[in-house]
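Every letter in the sequence shown is one number past the one before it in UniProt numbering, and letter 90, counting from 1, is 90. One structure is given below, encoded as structure tokens.
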Amino acid sequence: SQAPVTKQYPREMYYRLLAPCFLPQKLHRILYLDPDILVINSLKPLWETDMKGRLFAAAAHTGKTNLANNINQVRLGTTHKYFNSGVLLINLDQGRKEILPEEVFRYAGEHAKELLLPDQDILNAVFGSRTLELDDYLWNYDARNYSTYLLRSGGVCDMDWVMENTGILHFCGKTKPWQAGYIHRFGILYKHYMQINRRLDQSLASGFR
């Protein structure tokens, strides 16, 4: 009840942070993905990541400069990069030892008015120092920022590189590729897979007649 919720950020968003507290003991790790994700290559290398005893593995979206990271460090009182919570590899075994729901809810209650992206802010403020950094080029590629990735890589990470190497495209932001008027580069790829999925559903519904 102390955790802030909104229409955009409902109560369920906290489940990813508290997953070790209620998932079966037979599970040792899980991969959480936001719904605005497109997987375009194998996730096996991500799944097999050595988490080195950390609670979470996540990527940071740095953008053209580190300004956003610096602002979030000041805002949350942290020293690490600001991790995106849309792709989380979760170490359930370690989490069962370290994650306390009351710690999460206490922080949420004390800082409710300051949390801009509630679950993501809590991930960083409470668990950031226990989070392993992933390469966002591979495992949480911000689909809005193709030009930025290309520039930061010195032209290496072009479209061909992304299609060959990136595992996860993340369609961050308010506008989404399933909405009319989406302008970013990878929107057409998302719609292509939407069309394939729609045709498959139609074929299954008709019994492949």
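Every residue gets a Cβ at the ideal spot worked out from N, C-alpha and C, and that includes glycine. On a predicted model such as this, the values are computed, not experimentally measured, just so you know.
The three-state reading of DSSP puts Asp160 in helix, counting H, G and I together. Sequence-distant Cβ neighbours of His28 in its own chain, meaning closer than 6 Å and more than five residues away, are Leu92 and Asp93. The residue from Arg199, Trp161, Asn140 and Thr148 with its alpha-carbon nearest to that of Leu46 is Asn140. Counting other Cβ atoms within 10 Å of its Cβ, Met13 reaches 16 or more and is therefore classed as buried. Within the region 116 to 198, the beta strand (DSSP E) runs of at least 3 residues that lie entirely inside it are, in chain order, 131 to 134 and 168 to 170. Contact fails between the region 109 to 118 and the region 154 to 166, because fewer than three Cβ pairs, one in each stretch, are under 8 Å apart. Under the three-state reduction of DSSP output, Ala58 falls in the strand class. Only residues of its own chain outside the window of five on either side were considered, and among them Cys172, Gly173 and His184 have a CB closer than 7 Å to the CB of Arg144, listed in chain order. Here Gly53 is exposed: its Cβ has fewer than 16 other Cβ atoms, across all protein chains shown, within 10 Å. In this structure, DSSP gives Tyr32 an extended state, which the three-state scheme calls strand. Annotated as proximal: Leu38 and Tyr193, with beta-carbon spacing under 8 Å. Residue range Leu67 to Leu76 is occupied by the alpha helix (DSSP H) that includes Leu76. Taking 8 Å as the upper bound for CB-CB distance, Val87 and Ile168 are in contact here, some 6 Å apart. In the three-state reduction of the DSSP assignment, Leu92 falls in the helix class, which pools H, G and I.
Here the alpha carbons of Gln179 and Tyr107 stand approximately 35 Å from one another. Looking at the DSSP output, Val39 shares a beta bridge with Ile168.
Beta-bridge analysis with DSSP links Phe83 to Ala60.
Straight across, the Cα-Cα distance linking Gly95 with Glu103 is about 13 Å.
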